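Student:
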Amino acid sequence: MRVLKLQPLLYVSGLAGVLLASSGYCLPGEPLNAATVKREAFDLGPNSPQFSVQPNNPDFPEDQWPDILSRLEKAFTDAVKMAGVACVLFDSTEPFVYARYFETKLDWTWELPQSVICSIAGIYDPSAHTPEGIIAGDPIINPKYAKLSIVAGYSDLLPDDARGDTTGISATTFRQLSSGYDIPGKDDNDAITEVYIRAFDYPSNDQIRDVRTCRGLGEFDSGLMTSLGASAILHEMFHWEYMVRIEKNQVIFDDLVEHTIEDPDNDDKLEDRDYIDDYDTAYYSGKPFNEPPDGYGPANAAQLRGNGFGDAWQNADNYRWYVVSRYWQFVCTKLFGRQTDRSKDDKMIPPGSKGQVPYPGEELPPSEGTSSSRRQRRSAGL
């Protein structure tokens with residue numbers, strides 16, 4: 001078991017995160033939980049996350065807020081439905097996708113990814129659903145989402161030192177308020193996610209399916225499958241201790257993902273915490289094998305599983321890529337193979353956007369910075 005000394009639990013993730021409010025958005029200058037403008041077109045009910053747009057931010061002019069909200073609403077439903085499809089289709093005995101991202105040598109370990117994925121999907125009885133029904137129906141909202149606050153831009157509730165690089169295509173800040181923060185109206189299970197402007201270059205699942213097409217996705221798991229919802233919500237929700245903590249599986253959590261951290265306010269106090277991390281080679285530098293540079297992307301996630309040291313259980317992108325691959329396998333009715341080329345992780349932005357990289361067969365050069373997104377993640381301390 002690792003002993004980590006952390007500031008209050010913080011993820012400055014390499015994957016953009018966004019979510020939405022229940023039925024409206026905050027007006028400029030209003031606090032996070034202020035009265036909102038009702039939006040009749042889309043209502044996820046009382047369990048939806050709280051969403052706001054940073055006021056007076058040139059990246060998010062007020063006349064664009066309806067479009068921003070619409071895209072975030074679609075991203076949220078994409079993420080929840082992707083998790084739903086993976087939950088309903090979950091099969092730890094199939095030798096392809098599950099065995100690609102998770103170790104199979106211990107029979108009982110499958111309960112961890114299944115329970116975590118189904119929690120994000122809001123599904124407690126997979127046998128009561130079908131993947132077709134999940135995709136066609138309204139999203140199922142886990143009541144835990146009511147404790148999530150999402151801000152396009154900066155939240156007034158987070159200090160400046162909570163953020164790493166906010167300019168990269170994949171930069172997002174996620175924090176659960178589990179220790180060291182006393183915010184009125186919030187408790188230790190509440191969480192805040194910030195999403196920055198370049199994340200909106202990501203397409204939706206529908207754009208991937210209809211414009212890129214299943215044929216355009218190629219034959220292997222890759223960044224071509226990455227939508228705003230897949231990159232944003234899925235990855236960040238696997239970090240959320242409150243979301244993934246399933247009491248009936250506490251023994252499994254203790255064995256696979258428990259971390260002992262030091263209280264930032266008391267060096268003599270240790271606390272056991274169950275959360276899924278981002279793989280960092282700094283923790284494992286003594287291992288005698290060729291490690292991936294980080295845990296992001298399908299190639300690195302698959303390599304972590306292949307190392308056989310249990311690292312896959314503690315890396316959020318192993319869970320995300322299992323969900324993404326299973327979802328597109330169902331939608332496209334074909335099995336995608338294991339990705340071994342790390343350069344394919346970043347081919348995700350649709351043509352015409354300022355962060356674009358080419359679709360298959362196109363010759364458009366990527367904009368400056370897109371090809372270096374991994375370096376941007378490193379500069380953020382990831």
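Residue numbers are given in full-length UniProt numbering: position 193 of the sequence shown equals residue 193, and the series is strictly consecutive. In this text, a Cβ means the ideal position worked out from N, Cα and C, and glycines have one as well. In this text the structure is predicted, and so the values were computed from the model without any measurement.
Should G295 and L304 be called a contact, given that it needs their Cβ atoms to be closer than 8 Å?
Tutor: To locate residue 295, count along the sequence shown from 1; it is residue 295. To locate residue 304, count along the sequence shown from 1; it is residue 304. For G295 and L304, yes; Cβs fall inside 8 Å.
Student: Less than 8 Å between the C-beta atoms of E132 and T193, yes or no?
Tutor: Mapped onto the sequence shown, residue 132 falls at position 132. Mapped onto the sequence shown, residue 193 falls at position 193. Result no, Cβ atoms of E132 and T193 do not sit closer than 8 Å.
Student: Hey, does K147 have any beta-carbon neighbour from chain D nearer than 8 Å?
Tutor: The structure shown contains no chain D; it is built from a single protein chain.
Student: Do G229 and N205 count as a contact pair if the criterion is CB distance below 8 Å?
Tutor: Here the question's residue 205 lines up with position 205 in the sequence shown. Here the question's residue 229 lines up with position 229 in the sequence shown. Against a cut-off of 8 Å, the Cβ pair of G229 and N205 comes out as a contact.
Student: Contact check, A199 vs T172 under 8 Å by CB: the rounded distance?
Tutor: Numbered from its first residue, the sequence shown carries residue 199 at position 199. Numbered from its first residue, the sequence shown carries residue 172 at position 172. The Cβ separation is near 7 Å, so the contact holds.
Student: Taking the alpha-carbon positions, what's the F90 to E291 distance?
Tutor: Here residue 90 is taken as the residue at index 90 of the sequence shown, counted from 1. Here residue 291 is taken as the residue at index 291 of the sequence shown, counted from 1. Those two C-alpha atoms are separated by around 28 Å.
Student: Using a Cβ-Cβ cut-off of 7 Å (strictly less than) and excluding sequence neighbours within five positions of Q54, which residues of its own chain qualify?
Tutor: Along the sequence shown, read from residue 1 onward, the residue named residue 54 stands at position 54. Only F60, V151, A152, G153 and Y154 meet the Cβ criterion.
Student: Helix, strand or coil for T172? Go by DSSP, reduced to three states.
Tutor: As a first step, residue 172 must be located in the sequence shown, where it is residue number 172. The answer is strand: DSSP assigns T172 an E or B state.
Student: Comparing C-alpha positions only, which one of C214, R212, Y275 and V80 sits nearest to F238?
Tutor: Counting from one through the sequence shown, the residue named residue 238 turns up at place 238. Per the Cα distances, Y275.
Student: Assuming I135 and V85 make a contact with CB atoms under 8 Å, what is their CB distance in whole Å?
Tutor: Position 135 of the sequence shown, counted from the first residue, corresponds to residue 135. Position 85 of the sequence shown, counted from the first residue, corresponds to residue 85. 7 Å between Cβ atoms; contact.
Student: How should V211 be labelled, buried or exposed, when 16 other C-beta atoms within 10 angstroms of its C-beta is the threshold for buried?
Tutor: Numbered from 1 along the sequence shown, position 211 holds the residue referred to as residue 211. Exposed.
Student: On a Cα-Cα basis, can you pick out the residue from L44, S231, R215 and D187 that is closest to Y319?
Tutor: Taking the sequence shown and counting its residues from 1, the one referred to as residue 319 is at position 319. Answer by Cα proximity: S231.
Student: For the alpha helix (DSSP H) that L304 lies in, which residues bound it at each end?
Tutor: Your numbering for residue 304 matches position 304 in the sequence shown. Element bounds for L304: G297 to N307.
Student: Could you tell me which residues DSSP puts in a beta bridge with Q50?
Tutor: For the purposes of this step, residue 50 is identified with residue 50 of the sequence shown, where counting begins at 1. In DSSP, Q50 forms a bridge with S149.
Student: For S227, which residues in the same chain have their Cβ closer than 8 Å to its Cβ, ignoring the five residues on either side in sequence?
Tutor: Here residue 227 refers to the residue found at position 227 of the sequence shown. Its chain contains A75, D78, Y202, P203, S204, N205, Q207 and I208 as the residues whose beta carbon lies nearer than 8 Å to that of S227, once the 5 sequence neighbours on both sides are disregarded; these appear in chain order.
Student: Considering only DSSP beta bridges, list what A191 is partnered with.
Tutor: Translated into the one-based positions of the sequence shown, residue 191 becomes position 191. Note: A191 sits in a beta bridge opposite L148 and Q176.
Student: Measuring straight from C-alpha to C-alpha, what distance separates W328 and M225?
Tutor: Position 328 of the sequence shown holds residue 328. Position 225 of the sequence shown holds residue 225. Between W328 and M225, the C-alpha separation is close to 8 Å.
Student: Kindly indicate which three-state DSSP category S92 falls into: helix, strand or coil?
Tutor: By 1-based counting over the sequence shown, the position of residue 92 is 92. Coil.
Student: Run through DSSP, which three-state label would N318 get?
Tutor: Walking along the sequence shown from the start, residue 318 turns up at place 318. N318 falls in the helix class under three-state DSSP.
Student: How should K334 be labelled, buried or exposed, when 16 other C-beta atoms within 10 angstroms of its C-beta is the threshold for buried?
Tutor: Against the sequence shown, residue 334 aligns to sequence position 334. It is exposed - the Cβ of K334 has fewer than 16 other Cβ atoms within 10 Å.
Student: Just to confirm my understanding: we take F96, look at its own chain, exclude 5 residues before and 5 after, and list those with CB closer than 8 Å. What are they?
Tutor: Here residue 96 corresponds to residue number 96 of the sequence shown, with the count starting at 1. The residues are L335.
Student: Among S52, D138 and G122, which one has its Cα closest to the Cα of L234?
Tutor: As a position in the sequence shown, residue 234 is number 234, starting the count at 1. Cα-wise, what sits closest to L234 is G122.
Student: With distances taken from CA atoms, which of N300, W240, C214 and V244 is nearest F102?
Tutor: Walking along the sequence shown from the start, residue 102 turns up at place 102. With distances taken between CA atoms, F102 lies nearest to N300 out of N300, W240, C214 and V244.
Student: Using the three-state DSSP reduction, which class does P58 fall into: helix, strand or coil?
Tutor: Counted from its first residue, the sequence shown places residue 58 at position 58. Looking at P58 - three-state DSSP - the assignment turns out to be coil, as it is neither helix nor strand.
Student: Helix, strand or coil: how does DSSP classify F336 here?
Tutor: As a first step, residue 336 is located in the sequence shown; it is residue number 336 there, counting from the start. DSSP places F336 in coil when its eight states are reduced to three.
Student: Taking only three categories from DSSP, how would you classify F102?
Tutor: Translated into the one-based positions of the sequence shown, residue 102 becomes position 102. Here F102 sits in coil by DSSP.
Student: With DSSP as the reference, label D277 as helix, strand or coil.
Tutor: By 1-based counting over the sequence shown, the position of residue 277 is 277. DSSP places D277 in strand when its eight states are reduced to three.
Student: I want to check one thing, is the minimum distance from the CB of E194 to the heavy atoms of the ligand FAD below 7 Å?
Tutor: With respect to the ligand FAD, the structure shown offers nothing to examine, as it has no ligands at all.
Student: When the Cα atoms are used, what is the spatial distance from S343 to P113?
Tutor: In the sequence shown, counting from the first residue as 1, residue 343 sits at position 343. In the sequence shown, counting from the first residue as 1, residue 113 sits at position 113. Rounded to the nearest angstrom, the two C-alpha atoms are 27 Å apart.
Student: For E219, tell me which candidate among Y98, M82 and C332 has the shortest Cα-Cα distance.
Tutor: As a working note, residue 219 is residue 219 in the sequence shown. Ranking Y98, M82 and C332 by Cα distance to E219 puts C332 first.
Student: Got a sec? Which residues, its chain only, sit under 7 Å from P143 by beta carbon, not counting five neighbours each side?
Tutor: By one-based count along the sequence shown, residue 143 stands at place 143. Around P143: N47.
Student: Nearest CA to the CA of D160: which residue from A146, S149 and R175?
Tutor: Taking the sequence shown and counting its residues from 1, the one referred to as residue 160 is at position 160. When only C-alpha atoms are compared, the closest one is R175.
Student: From Y242 to D138, what distance separates their C-alpha atoms?
Tutor: Taking the first residue of the sequence shown as 1, we reach residue 242 at position 242. Taking the first residue of the sequence shown as 1, we reach residue 138 at position 138. So the alpha carbons of these two residues sit roughly 24 Å apart.
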